[in-house]
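Single-structure report; data block below.
Numbering (UniProt numbering), first residue to last: 1 to 696.
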């Protein structure tokens, strides 16, 4: 029986029912502590009594919560209450692909719409597969489409809460419960054989057929007949009913091959093959952006720093991540007999040799950009940012090196007029570029006298690329802010990059001879060894504020809001020039989740001293002549000190000074004491800047 409106379950207050499936109900519910609403899935009681299912549920919910991707529904929490397992997820106002198909495109969707949906889902699936998770229930009903904002929809893949780890494939279906829906399930999944990401690819291809055709692959009412068709019958050609899509037949046939070995290497390869044939006409058909990099002898920045920095700087100032509102509806799995399970087979092709020779396209996905490890997508980026380079490489017994020259964005047969070049070395099975710090100009840089003037800081960017079995290279473009003029020191931005060879080295591009480059990194890039015995600030720390002893202008003025805690992750390094620590703020509700705030601390006179932070904080409104004016934002200057104690804790003080007089409080000093205690290691998702970069 569905819970009534206003019922409290596991601390959540039920608002209304969102949907009902074979496993239970999904509700819109108010979060117990935060001012937000989640989608709350409550499983039927019989699942809670199944110990094997319970163990799998807990394990897989935790794995799903580790996924950070703009195309994946975020899992927030899970637990058990009143004898029922539950899981909470983000919620979105919108629809799903199945509903959109029925209500708007009963005869099949336009190819551009389908291509956009499939490309987004493929990227989300490969993100999960690279982290060892399978979805196993890809279908139109689990593809969520947000309400359009500014003319654009977001495409998200839901129901990852019942995914399973690839490394545990051998034992998760011993109870003969499979997870897949018959119209989309891969043959090996239906046979109870070991599966990998190519089973999800099959389901995505079956979903693609359904969206284009308006009906499933095998529209039969008898489940046994559907299973038989998946196992023995070739997939129907979409051209039989849509001759205009005949060019898609070989693409779909490959992704729907009975043997996983005959399918595409990845879901994104399938999506790219689909996109190469169709013409974009979807929700937001934007042309690829071709942006030239500024001349520099390092990982050339894919977009103009001055034009994009203002938006990036403005977004970075937010101290708390704003959750994306998403909805995931649960559906029942299909029960079929499972054969004896085997461990995942040896589908691990050996990466190619470290060759980098030819003309290459670099595709930057700013939709997956992160800041300090937290999702930080660029909302203005609706298509990849592209650049083109020519490389030559050479390998000797000492290692492999490559030299590169940037190509013209319009004519990839000649060098770019900027003359930008790059050097890379193959270290630890990946290419890594050399990098030199450079000054980056911003239209808004920090806060000075209550204003945000233009300015510049010093940043360092590098490429790291891993060769892939299909001949491409995948990696990240990593940018670290080294100085604090703009209040961003220690921030680490990462953007996924795919590098694809498109041609031989063009005759019009002069490239340095890699034989003249040493395989060993320059001595200047090798930091000095650490100094033993120095202070350590390394791991996850909880800050417990003693607000009962807060002081204002030296007078104890208690706060009454209740206990207050902050969470931070730190790394530290001590050398001959001193000790430095870098830190990233963590979500107070889930300390495994990084946030878009950071800090750099130096050890001075027996204590760690943080960077000073200047912020404009909305605090008051001013009434003149009976009229209330706009909200005023005085400038606040804050700095933290951390003093190590014998028991391993740190006594801290957060000192905040009001610097301007919009609210009549200029010169007021607030002091907030706290105790910091180490609670564990740095969370895997947190990207903390290398402290060695800040040794002066």
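Using N, Cα and C, we set each Cβ at its ideal position, and we do this for glycine too.
Kindly indicate the opening and closing residues of the beta strand (DSSP E) around residue i.
i           : result
residue 517 : Here residue 517 belongs to no beta strand (DSSP E), and DSSP marks it neither H nor E.
residue 674 : 669-680
residue 541 : 539-545
residue 145 : 143-146
residue 558 : Premise fails: residue 558 is in no beta strand (DSSP E) and is neither H nor E.
residue 638 : 635-644
residue 84  : 84-89
residue 387 : 385-396
residue 439 : 438-442
residue 588 : That residue, residue 588, is in no beta strand (DSSP E); it is neither H nor E in DSSP.
residue 433 : 430-433
Closest by CA to residue i, which one among the options?
i           : options               : result
residue 128 : 102, 201 and 580      : 201
residue 381 : 366, 387 and 371      : 366
residue 618 : 633, 419, 479 and 59  : 633
residue 635 : 650, 653, 669 and 642 : 669
residue 518 : 409, 676, 471 and 394 : 394
residue 82  : 111, 104 and 44       : 44
residue 211 : 121, 53 and 109       : 109
residue 377 : 396, 596, 548 and 471 : 596
residue 405 : 417, 581 and 397      : 417
residue 105 : 24, 215, 60 and 18    : 215
residue 673 : 657, 685, 641 and 681 : 641
residue 255 : 472, 31 and 184       : 184
residue 549 : 472, 60 and 652       : 652
residue 134 : 515, 158, 646 and 249 : 158
residue 435 : 693, 31, 114 and 118  : 693
residue 49  : 235, 515 and 84       : 84
residue 500 : 513, 475, 509 and 520 : 475
residue 706 : 424, 538 and 671      : Residue 706 lies beyond the residue range present for the chain, which begins at 1 and ends at 696; the question has no answer from this structure.
residue 46  : 24, 562, 58 and 35    : 24
residue 261 : 580, 684 and 188      : 188
residue 508 : 470, 412 and 5        : 412
Excluding the five sequence neighbours on either side, which residues of its own chain have a C-beta within less than 7 Å of the C-beta of residue i, listed in chain order?
i           : result
residue 577 : 695 and 696
residue 123 : 71 and 268
residue 10  : 79, 81 and 86
residue 29  : 12, 13, 14, 15, 37, 38 and 40
residue 536 : 572
residue 481 : 457, 459, 488, 489, 490 and 491
residue 611 : 484, 489, 599 and 600
residue 119 : 271 and 275
Apart from the five residues on each side of it in sequence, which residues of its chain come closer than 8 Å, Cβ to Cβ, to residue i?
i           : result
residue 505 : 357, 358, 359, 390, 391, 392 and 511
residue 542 : 565, 566, 567, 591, 676, 677 and 679
residue 322 : Legend: pLDDT at residue 322 = 21, less than 50; position of this residue unreliable, value from coordinates given subsequently. Contacts found: none.
Per DSSP, which one or two residues make a beta bridge with residue i?
i           : result
residue 492 : 480
residue 708 : Given that the chain is displayed from residue 1 to residue 696, the structure contains no residue 708 and the question cannot be resolved.
residue 474 : 466 and 498
residue 618 : Residue 618 pairs with nothing; no bridge assigned.
residue 38  : 29
residue 565 : 544
residue 504 : Paired residue(s): none; residue 504 is not in a bridge.
Going by DSSP, what residue range makes up the alpha helix (DSSP H) through residue i?
i           : result
residue 654 : Careful: residue 654 lies outside any alpha helix (DSSP H), inside the beta strand (DSSP E) at 650-658.
residue 47  : 45-48
residue 202 : 197-213
residue 358 : Premise fails: residue 358 lies in the beta strand (DSSP E), 358-364, not in any alpha helix (DSSP H).
residue 115 : 111-130
residue 273 : 267-277
residue 30  : Premise fails: residue 30 lies in the beta strand (DSSP E), 24-30, not in any alpha helix (DSSP H).
residue 56  : 51-65
residue 424 : Residue 424 -> not in any alpha helix (DSSP H); beta strand (DSSP E) instead, spanning 421-427.
residue 249 : 249-255
Under 6 Å Cβ to Cβ from residue i, same chain only, skipping five residues before and after it: list those, please.
i           : result
residue 246 : 239
residue 686 : 373, 569, 584 and 594
residue 311 : Confidence is the limiting factor: at residue 311 the pLDDT is only 39, short of 50, which leaves the residue's position unreliable and the question unanswerable from this model.
residue 186 : 199 and 202
residue 370 : 376 and 494
residue 289 : Annotation note: pLDDT 25 at residue 289 (below 50); position unreliable, no value reported.
residue 304 : Note that residue 304 scores a pLDDT of 39, beneath 50, so its modelled location is shaky; the value from the coordinates is reported in the next line. Excluding positions up to five away in sequence, the list is empty.
residue 398 : 519
Return yes when at least one heavy atom of the ligand GTP lies under 8 Å from the C-beta of residue i, else no.
i           : result
residue 112 : Annotation note on the ligand GTP: not contained in the displayed structure, which lists no ligands.
> Does the stretch 546-564 come close enough to the stretch 448-464 that 3 or more CB-CB pairs lie under 8 Å?
Replying inline: The stretch 448-464 vs the stretch 546-564: no contact.
> So does the stretch 88-108 actually touch the stretch 179-199, counting three or more Cβ pairs closer than 8 Å?
Replying inline: Output reads no: the stretch 179-199 does not touch the stretch 88-108.
> Would you call the stretch 37-48 and the stretch 86-93 in contact, with 3 or more CB pairs under 8 Å?
Replying inline: Yes: the two stretches touch, three or more of their Cβ pairs being nearer than 8 Å.
> For the 8 Å Cβ check, are there 3 or more pairs between the stretch 201-211 and the stretch 69-89?
Replying inline: Contact between the stretch 201-211 and the stretch 69-89 is absent, because fewer than three Cβ pairs lie under 8 Å.
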